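Data first, discussion second: the structure below is written as structure tokens.
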Amino acid sequence: STQSTGMNINIMLPILSRGLRSKRLVKFNKRSPAINRVPIARGYAQEVTGPTQLKLTLATPDSTIFQNEPIEIVTIPGESGVFGVLANHVPVITELKPGLLRIKKEGKNIDYFVSGGFAFVHKDSTCNISAIEAVPLEQLDADAARKNVSHYQDALAKASDDEARAVAKIGLQTAQAICAALGITA
């Protein structure tokens with residue numbers, strides 16, 4: 001949006017600041033050539049050029065599952081919602097919540113359950129995911145997940161202090177996320 005007041009123009013521009021994309025109100029004098037020096041980030045409606053595949057690194061504290069593997073898309077369970085990442089995605093850092101991490105490689109889905117961690121999407125079409133745990137979905141036990149939901153619901157109802165409530169809530173959220181990832185009801 002622009003607003004003109006006398007000799008000054010106020011413009012809302014997306015600018016880069018220490019790697020973060022934000023909109024800031026910038027004032028320019030009509031005669032100032034400074035407007036040509038403002039770095040503009042790629043917008044949503046602009047044509048994307050560059051790599052056609054995303055390079056994924058998925059690691060846990062004790063293993064590296066993928067190391068710069070070319071993939072088509074990764075679907076990430078972020079704290080602010082589930083989102084997909086393709087090549088040329090805008091840079092993002094997000095905390096992982098317990099849930100399904102889906103990787104599409106050569107037309108096939110590869111599914112992992114992640115319990116938490118962080119995902120870093122870089123402007124060079126690379127994505128690094130550091131997960132506390134990443135378990136192939138087929139290794140999860142549906143009956144154990146249902147039992148854990150029941151167990152942690154009981155523990156939450158019986159919790160007598162803040163620590164016991166926190167442990168029960170985390171256990172319940174994780175067990176419910178495993179059930180959701182498996183496509184079962186608890």
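Numbering-wise (this note's numbering), the sequence shown opens with residue 1 and increments by one.
Don't be surprised by glycine CBs; every beta carbon is placed ideally from N, CA and C.
These numbers come from a predicted model, not from an experiment.
- Of the other Cβ atoms in all chains shown, fewer than 16 fall within 10 Å of the Cβ of G84; this residue is therefore exposed.
- Taking G183 as the centre and dropping the five residues before and after it, the same chain places no C-beta closer than 7 Å to its C-beta.
- Contact check for G116 and P98: beta-carbon distance about 6 Å, within the 8 Å limit, so the pair qualifies.
- Rounded to whole angstroms, the separation of the alpha carbons of T126 and E72 is 11 Å.
- In this structure, DSSP gives G171 a helical state, which the three-state scheme calls helix.
- Uninterrupted beta strand (DSSP E) stretches at least 3 residues long and entirely within the segment 53 to 117 occur at 54 to 60, 63 to 71, 73 to 78, 81 to 85, 92 to 96, 99 to 105 and 108 to 114, given in chain order.
- Excluding sequence positions up to five before and after V135, its CB lies within less than 7 Å of the CB of Y112 and F113, all in the same chain and listed in chain order.
- In the DSSP assignment, S150 falls within the alpha helix (DSSP H) that extends over A142 to K158.
- The C-beta separation of V74 from I103 comes to about 5 Å, placing the pair in contact by the 8 Å criterion.
- Under DSSP, S125 forms no beta bridge with any residue.
- In this structure, the straight-line span from the alpha carbon of D141 to that of K147 is close to 10 Å.
- Distance from G78 to A131 at the Cβ level is roughly 12 Å; contact not present, criterion being Cβ atoms closer than 8 Å.
- Looking at the DSSP output, A134 shares a beta bridge with V114.
- Residue environment: V90 is assigned as exposed (fewer than 16 neighbouring CB atoms within 10 Å of its CB, all protein chains considered).
- Around V92, the same chain offers V121 as residues with beta carbons nearer than 7 Å, after the five sequence neighbours per side are excluded.
- Annotation for A168: Y152, A155, L156 and A159 place their beta carbon closer than 7 Å to its own, counting only its chain and skipping 5 residues before and after.
- The criterion of a C-beta distance shorter than 8 Å is not satisfied by N109 and P51.
- In terms of Cβ geometry, N128 and T64 do not form a close pair [threshold 8 Å].
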